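Working notes, structure below.
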Amino acid sequence: METVQGTQIDSLHTHNHKVKKRNVLSRLAKNKIAFISLWFLVFVHIVVFIGPMIWTVDPEAINPTNTLAVWSLENPLGTDDLGRDVLSRMLHGGQITLLVGFASMGFTVLLGGIIGATAGYFGGWIDAVLMRITEAMMAIPNFFLALVALTVLGQSPVMIVVVIGMTSWMEIARVVYGETLKWKSLEFVEASIASGASALRTLVGHVIPQVIPTIIVASTLGIAWAILTESAISYLGLGIQPPTPTWGNMLQNAQQYIWTAPILGILPGAAITIVVLAYNFLGDGLRDALDPKHIK
Amino acid sequence: MLHFILNRLWQSIILIFIVTIITFFLINLAPGGPSSLMRMDASEEERQALITRMGLDKPVIVRYGEWVKDALQGDLGVSLSSGQPVIQRVAERFPNTLRLASITLIFSVIVGIVLGIIAAIRRNKMSDYVVNFFSVIGLSVPSFWLAIMLILLFSVTLQWLPSSGVASENSALFEQFKYLFMPVIILSTSTLPTIVRFTRSSMLEVITQNYIRTARAKGAREFIVIYWHALRNALIPVVSIIGVLIPRLLGGAVIVESVFGWPGMGRLIVEAAQGRDYNLVMGVTVIVTVIVILSNFVVDMIYSKIDPRVKNVS
Chain C
1 METVQGTQID SLHTHNHKVK KRNVLSRLAK NKIAFISLWF LVFVHIVVFI GPMIWTVDPE
61 AINPTNTLAV WSLENPLGTD DLGRDVLSRM LHGGQITLLV GFASMGFTVL LGGIIGATAG
121 YFGGWIDAVL MRITEAMMAI PNFFLALVAL TVLGQSPVMI VVVIGMTSWM EIARVVYGET
181 LKWKSLEFVE ASIASGASAL RTLVGHVIPQ VIPTIIVAST LGIAWAILTE SAISYLGLGI
241 QPPTPTWGNM LQNAQQYIWT APILGILPGA AITIVVLAYN FLGDGLRDAL DPKHIK
Chain G
1001 MLHFILNRLW QSIILIFIVT IITFFLINLA PGGPSSLMRM DASEEERQAL ITRMGLDKPV
1061 IVRYGEWVKD ALQGDLGVSL SSGQPVIQRV AERFPNTLRL ASITLIFSVI VGIVLGIIAA
1121 IRRNKMSDYV VNFFSVIGLS VPSFWLAIML ILLFSVTLQW LPSSGVASEN SALFEQFKYL
1181 FMPVIILSTS TLPTIVRFTR SSMLEVITQN YIRTARAKGA REFIVIYWHA LRNALIPVVS
1241 IIGVLIPRLL GGAVIVESVF GWPGMGRLIV EAAQGRDYNL VMGVTVIVTV IVILSNFVVD
1301 MIYSKIDPRV KNVS
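Chains C and G, in that order, are what the protein sequence lines are.
All the letters of the first sequence, read from the start, carry residue numbers 1 to 296 under our numbering.
All the letters of the second sequence, read from the start, carry residue numbers 1001 to 1314 under our numbering.
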């Protein structure tokens, strides 16, 4: 009897989920700016990840006789202060920026998701402790702590991902916490508990799937945030170190050459801006599509 | 009320201590910490001198205890790079950051609330879309890059504004304004969009309430309904986000001060970090933490005063 009830409940709510998913996609397609952003992002990722296979110039090869050159056939976007090919640096730098963005977002969502879901689901003192920590983390100057951590722990990509994650999980924890609280009092969750499922099983099998739409929105906005943070850290010289290019550290020297070669400053920043903008528009669009009742 | 205040104050003090513990242990236990200042080729005497100077022969917990004892007496140690007391170096920079951050906050609160109201009362019309579009852009542009672009426009091309630095103290107001203009605009991109969005949604929530319908029904003019009945209540939650914005404002100041060569605490921490001046890094972080947490405490107090529901919940 237990299992029958369980499967019925399961199939009921997966069914709901499928219907919802189709609606979400069609609603997203109606939101022009979000839909354009989605396709634009697909395009950028293809260019950045496939591009270097076609444009095989070494992004770290220095050429002292050809510095700060304007565009030519050999260097379609010109060269930088050390004579390195800007196009190649933009492509390779984009790869690293986007990968660091993805990894940081993944770590942020994992951390925030676990903390939020645990606090919301178990309640009581676990809730009190975890949510106090979350509030405390929001009330301290995170960016300063991040700079301190990167100074003493070194600037490897892994460390940058960890530091960005550790200082930006709070927003996601709060959103997931709120959602978990909302879902855990509903009948199908109570049914799962009543039928003897363990806390972990109920949480992972019934509550988390309901929270996934929220997590998707948060992740999309989280990538945008992570890319911005990484570029700021790189600009200050505490991010991934040259000669390895990232869009952020390409801007490190740009200010110096703003009078002579402004293009070096314009390109990487414009790339960061439009990618972050697209992720933000996509995230906003997804939120509206997933929650049509949200005041617009 | 007294109980509530004491409770919040107590929490703030604990939080300050936790941050000092994290920062201190991070700096002193990490492989790149003070011990890394010891070069491989250093002679035995040099090593010994550094160890005694920095107290590295004592366990880290003892050093933390001594640091707290000194800090409570206002002594944050000596800057390793300049030899001046840390507190003096921070005091030189503090007024500049205070000026930049407070002008930015006032600017973004006023402009943010006005734009938020416009977007809310003209919901789903052109002006709402324009305001919304620009707040998403504000959230998406890397501030240092926007700063470089403004320098390119106002300093390089038009030559209207100085590209960096700060006006001397006794210069004319217009001169001061010229140096402040770009830094304030850039720093406000970290706070303005949030205030706009928050005011808008708070205003929309209030407008649908019954007492607004009552006000309209009794024949109050639309202007009075919006600016007298609705706005008063819509602004209450806006106060609460100012607490969240203060850490962001100081984080943003790190970037803005670095781009514009503004001699404040944000640039000081970057200089300290790049020069591995650990005492200075620790000192600046702690002072910024105290400022942020205390201003959060003040915002909380104001909020509980204007919205009595807060006190009852917590």
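Idealized CB from N, CA, C, for every residue including glycine.
Computed from a prediction, not measured in an experiment: that's the story for all the values here.
- Per DSSP, Q1088(G) is one residue of the alpha helix (DSSP H) stretching across V1086 to I1121.
- Of the other Cβ atoms in all chains shown, fewer than 16 fall within 10 Å of the Cβ of I1224(G); this residue is therefore exposed.
- The beta carbons of D80(C) and R89(C) sit about 7 Å from each other, so the pair counts as a contact at 8 Å.
- For V161(C), no chain G residue has a C-beta closer than 8 Å to its own C-beta; the minimum C-beta separation is roughly 17 Å.
- For the set F1133(G), I1269(G) and D1277(G), the Cα lying nearest the Cα of F143(C) is the one of I1269(G).
- For chain C, the residues of the region 1126-1145 of chain G that bring a beta carbon within less than 7 Å of one of its beta carbons are V1136, I1137, L1139, S1140, V1141, P1142, F1144 and W1145, in chain order.
- Assignment of D1128(G) by DSSP, reduced to helix, strand and coil, places it in the helix class.
- When secondary structure is reduced to three states using DSSP, V70(C) falls in the coil class, being assigned neither helix nor strand.
- Within chain G, no residue has its beta carbon less than 9 Å from that of L130(C); the closest one is some 15 Å off.
- The residues Y279, L282, G283 and L286, in chain order, have a CB closer than 7 Å to that of T220(C) in the same chain once the five nearest residues on each side in sequence are set aside.
- Burial is judged here by how many other beta carbons sit within 10 angstroms of a residue's own beta carbon; G1065(G) has fewer than 16 and is exposed.
- Excluding the 5 residues flanking it on each side, A254(C) has same chain C-beta neighbours closer than 6 Å at L264 and G265, in chain order.
- Selection L203(C), G124(C), R174(C) and S198(C) evaluated against K184(C) yields L203(C) as nearest (Cα-Cα).
- Within the model, the alpha-carbon separation for R1213(G) versus M1301(G) is close to 31 Å.
- Relative to V1111(G), the option among L1015(G), V1290(G) and R1197(G) whose CA is nearest is R1197(G).
- Beta bridge pairing from DSSP links D85(C) with T79(C).
- The beta carbon of F1107(G) sits closer than 7 Å to the beta carbons of V1184 and S1188 from its chain, once the five residues preceding and following it are set aside; these are given in chain order.
- Between L1280(G) and S1079(G) a beta carbon distance of about 5 Å is seen, short of the 8 Å cut, so the two are scored as contacting.
- G93(C) is positioned such that its CB atom lies closer than 7 Å to that of T246(C).
- Think of a sphere of 9 Å around the beta carbon of T273(C): the chain G residues whose beta carbon falls inside it are I1137, S1140, V1141, P1142, W1145 and L1146, in chain order.
- Within chain C, L236 have C-beta atoms less than 7 Å from the C-beta of S1258(G), given in sequence order.
- Counting C-beta atoms within 10 angstroms of its own C-beta, D85(C) has 16 or more neighbours from the protein chains shown and is therefore classed as buried.
- One Cα belongs to I126(C), the other to A136(C), and the distance between them is close to 15 Å.
- For V1270(G), the chain C residues whose Cβ falls inside 9 Å of its Cβ are L147, L236, G237 and L238, in order along the chain.
- Around the Cβ of P1247(G), a 10 Å sphere holds 16 or more other Cβ atoms; the residue is buried.
- In terms of Cβ geometry, T1097(G) and A1253(G) form a close pair [threshold 7 Å].
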